[in-house]
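Please read the structure below before turning to the comments.
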Amino acid sequence: MTKEPQLHWKLSAFDSLNVHELYDFLQLRSEVFGLEQNCLFQDVDGYDQIAHHLMGYVGPQLVAYARCFAAHGKYAEASIGRVVTRPSARGTGLGHLLIEQAKLSVSTLWGPQPVRIGAQARLEKFYTDHGFVNDNKPYMEDGIPHLEMVWTP
1 MTKEPQLHWK LSAFDSLNVH ELYDFLQLRS EVFGLEQNCL FQDVDGYDQI
51 AHHLMGYVGP QLVAYARCFA AHGKYAEASI GRVVTRPSAR GTGLGHLLIE
101 QAKLSVSTLW GPQPVRIGAQ ARLEKFYTDH GFVNDNKPYM EDGIPHLEMV
151 WTP
């Protein structure tokens, strides 16, 4: 009987990343945001250096990723961004685990506090299911409708 590889999380500040981790998440973000969503934008945006990077691995493969920011990093509140799961892992509940782990990471790093996100509008229900509330600030980013949402512990 073979054992399924388990999901394990790693949270790293930019300066603690190794080149393989950096490559893994830049490749995943490019695959999903650039190729899959056909969105031309500046992914390497100058914020990676101030973020903590949450990476979910199954064996050696990165399957989930998000950036976590302290308050006043991207917004006045702490925030989560670049939330992404590997296409082959979708439908497994991994996205739900990623959001919960990202909220936990923010609370662990900087204490319990509100978390703001800029969510693709089509994912509003997904984030609402995790306690985020639409802050009634819709906007367009890279040709995709977005809205700001806030989670309060």
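Once you know that position 124 of the sequence shown is 124 in the UniProt record's numbering, the rest is easy, because the numbers rise by one and skip nothing.
Note that the Cβ used here is the ideal one computed from N, Cα and C, for glycine as well.
Problem - For Thr108, the nearest candidate out of Asp43, His52, Glu31, Asp24 (CA to CA) - result: In the sequence shown, the residue the question calls residue 108 occupies position 108. Ranking Asp43, His52, Glu31, Asp24 by CA distance to the CA of Thr108 puts His52 first.
Handout entry: Spatial neighbours of Val84 in its chain, beta-carbon cut-off 8 Å, leaving aside the 5 residues before and after
Key = For this step, residue 84 is matched to residue 84 along the sequence shown. Cβ-Cβ distances below 8 Å link Val84 to Leu28, Arg29, Val32, Phe33, Ala64, Tyr65, Ala66 in the same chain, with the five nearest sequence neighbours on each side left out; the list follows chain order.
Exercise for the section: Rounded to whole angstroms, what's the CA-CA distance from Gly81 to Lys74? Just pull it up for me. Expected result: On the sequence shown, residue 81 is found 81 positions in, with the first residue counted as 1. On the sequence shown, residue 74 is found 74 positions in, with the first residue counted as 1. C-alpha separation (whole angstroms): 9 Å.
Exercise for the section: Please say whether Lys125 and Val115 have beta carbons closer to each other than 8 Å? Expected result: The residue labelled residue 115 in the question sits at position 115 within the sequence shown. The residue labelled residue 125 in the question sits at position 125 within the sequence shown. Lys125 is positioned such that its CB atom lies no closer than 8 Å to that of Val115.
Exercise for the section: Using a threshold of 8 Å, state whether the C-beta atoms of residue 171 and Met55 are closer than that. Expected result: No information on residue 171 is available, as it lies outside the stretch 1 to 153 that the chain covers here.
Exercise for the section: Name the residue from Glu21, Glu141, Tyr139, Gly46 whose alpha carbon lies nearest to the alpha carbon of Pro60. Expected result: Working through the sequence shown from its first residue, we reach residue 60 at position 60. Of the listed residues, the one whose Cα sits closest to Pro60 is Glu21.
Handout entry: Three-state secondary structure (DSSP) of His8
Key = One-based indexing of the sequence shown puts residue 8 at position 8. Reduced to three states, the DSSP call for His8 is strand.
Handout entry: Ala71 vs Trp110 beta-carbon contact at 8 Å
Key = Walking along the sequence shown from the start, residue 71 turns up at place 71. Walking along the sequence shown from the start, residue 110 turns up at place 110. Result yes, Cβ atoms of Ala71 and Trp110 sit closer than 8 Å.
Exercise for the section: Would you identify the three-state DSSP class for Tyr47, choosing helix, strand or coil? Expected result: In the sequence shown, counting from the first residue as 1, residue 47 sits at position 47. The answer is coil: DSSP assigns Tyr47 none of H, G, I, E or B.
Exercise for the section: May I ask you to report which of helix, strand or coil DSSP gives His20? Expected result: Position 20 of the sequence shown holds residue 20. Looking at His20 - three-state DSSP - the assignment turns out to be helix.
Practice task
Quick one: residues in its chain with C-beta nearer than 6 Å to the C-beta of Gly95, no 5 flanking neighbours on either side, listed in chain order?
Solution key: As a first step, residue 95 is located in the sequence shown; it is residue number 95 there, counting from the start. Answer for Gly95: Thr85, listed in chain order.
Practice task
Return the residue from the list Asp43, Lys10, Ser12 that minimises the CA-CA distance to Asp142.
Solution key: For the purposes of this step, residue 142 is taken as the residue at position 142 of the sequence shown. Closest option to Asp142, judged by alpha-carbon separation, among Asp43, Lys10, Ser12: Asp43.
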